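In what follows, a single structure is set out as structure tokens and then discussed.
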Amino acid sequence: MAARVEPARLVPRDLDDAALVAVISEARLADCRALCEEVGQRRLTAAVPALEALCRRFKGFGLEHAVPEQVAALRGLEAIRTREAGAAVSRIIADGVVQGPGLYDAVHVAATLGCRLPPSVSLHLLRHNDPGVRAATCRCTRMPRSYGCKRLPRGSRRGNVRPILLGRTEPLFLSLLIPGSGTCRLAEAVGGTWAAVTGLTRSRSSRF
Numbered sequence: 008m009a010a011r012v013e014p015a016r017l018v019p020r021d022l023d024d025a026a027l028v029a030v031i032s033e034a035r036l037a038d039c040r041a042l043c044e045e046v047g048q049r050r051l052t053a054a055v056p057a058l059e060a061l062c063r064r065f066k067g068f069g070l071e072h073a074v075p076e077q078v079a080a081l082r083g084l085e086a087i088r089t090r091e092a093g094a095a096v097s098r099i100i101a102d103g104v105v106q107g108p109g110l111y112d113a114v115h116v117a118a119t120l121g122c123r124l125p126p127s128v129s130l131h132l133l134r135h136n137d138p139g140v141r142a143a144t145c146r147c148t149r150m151p152r153s154y155g156c157k158r159l160p161r162g163s164r165r166g167n168v169r170p171i172l173l174g175r176t177e178p179l180f181l182s183l184l185i186p187g188s189g190t191c192r193l194a195e196a197v198g199g200t201w202a203a204v205t206g207l208t209r210s211r212s213s214r215f
């Protein structure tokens with residue numbers, strides 16, 4: 008029986024932009040990382056749909072081990088750093104394209120790109136078993152207007168930091184208001200994990 012001949016590996020730097028984008032979505036594992044790194048270095052916004060398609064190609068896999076192609080695609084989107092790249096990462100997370108250990112990479116890329124995940128997705132991820140996923144999700148959380156801020160009793164204050172509970176009937180979030188900063192720092196308080204992050208603007212309903 009004739010020996011199987013492996014196709015030659017691609018050399019990403021030798022490809023022009025159009026050719027590079029064209030081969031990404033169907034790239035082999037042997038070429039995938041180098042291709043995604045190349046589009047990231049070139050910051051090719053045109054490659055965003057192809058990187059998203061590469062991630063979606065492996066939807067349903069990765070429950071026990073991260074899928075290398077998905078991680079490479081996410082790193083490529085992170086390097087491109089455009090609004091389109093952030094929107095693609097948000098869709099990937101919201102649609103459950105990445106799961107298992109790879110979800111850690113996805114939410115950390117989302118946090119780096121300043122993504123704002125839908126509240127329903129954030130609430131689900133804030134209950135994740137991995138504290139790293141919960142912490143990164145805090146940085147991507149966009150609470151609906153119906154979630155107001157309310158003060159805790161005076162005895163709960165610590166120094167110049169005042170805790171605020173966010174929510175209606177379930178105290179899922181704890182916010183730390185730094186006086187004079189104009190921002191609320193959201194601390195995830197599910198499962199005893201605290202992760203202070205920026206990004207949630209002060210609610211008009213709370214005044215100090």
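Here this note's numbering is used: position 64 in the sequence shown is 71, and no number is missing along the way.
Heads up, the beta-carbon is just placed ideally off N, CA and C, and yes, glycines get one too.
Please read these numbers as outputs of a predicted model, since none were measured by experiment.
Give a yes or no on whether 8 Å exceeds the smallest Cβ distance from residue i to chain B.
i, result
"Glu59", "Among the protein chains of the structure shown there is no chain B, as only one such chain exists."
Taking the Cβ atom as the reference point for each residue, do residue i and residue j lie within a distance shorter than 8 Å?
i, j, result
"Ala80", "Ser97", "no"
"Leu51", "Val28", "yes"
"Ala73", "Gly109", "yes"
For residue i, collect the residues of the same chain with a Cβ closer than 7 Å to its Cβ; drop the 5 residues on either side in sequence, then sort them by chain order.
i, result
"Asp21", "none"
"Cys147", "Val114, Ala117, Ala118, Cys122, Arg123, Leu124 and Ser129"
"Ala60", "Ser32"
My understanding is that residue i touches residue j, with C-beta atoms under 8 Å, so please give their C-beta distance in whole angstroms.
i, j, result
"Ile31", "Val46", "7 Å"
"Ile99", "Cys62", "5 Å"
"Gly67", "Tyr111", "In fact, because the Cβ distance is near 18 Å, the residues do not count as touching under 8 Å."
Whose C-alpha, out of the options, is nearest the C-alpha of residue i?
i, options, result
"Leu58", "Pro138, Gly93, Tyr111 and Ala101", "Gly93"
"Val105", "Ala34, Ala54 and Leu132", "Leu132"
"Arg35", "Ala15, His135 and Ala26", "Ala15"
"Glu91", "Cys145, Ser127 and Pro56", "Pro56"
"Ala53", "Ala41, Ile87 and Leu120", "Ile87"
"Thr89", "Ser127, Gly107 and Leu120", "Leu120"
Report yes if the C-beta of residue i is less than 7 Å from at least one heavy atom of the ligand FMN; otherwise report no.
i, result
"Leu124", "For the structure depicted, the ligand FMN is absent and the ligand set is empty, with no information on it obtainable."
Does the Cβ of residue i have 16 or more other Cβ atoms within 10 Å, making it buried, or fewer, making it exposed?
i, result
"Arg141", "buried"
"Glu71", "exposed"
"Asp38", "buried"
"Leu25", "Residue 25 is actually Ala in this sequence, not Leu. By the 10 Å Cβ count, Ala25 comes out exposed."
Report all residues from its chain with a CB closer than 6 Å to the CB of residue i; omit the five preceding and five following residues, and keep chain order.
i, result
"Gly83", "Cys43, Val46, Gly47 and Leu58"
"Ala143", "Val114, His115 and Ala118"
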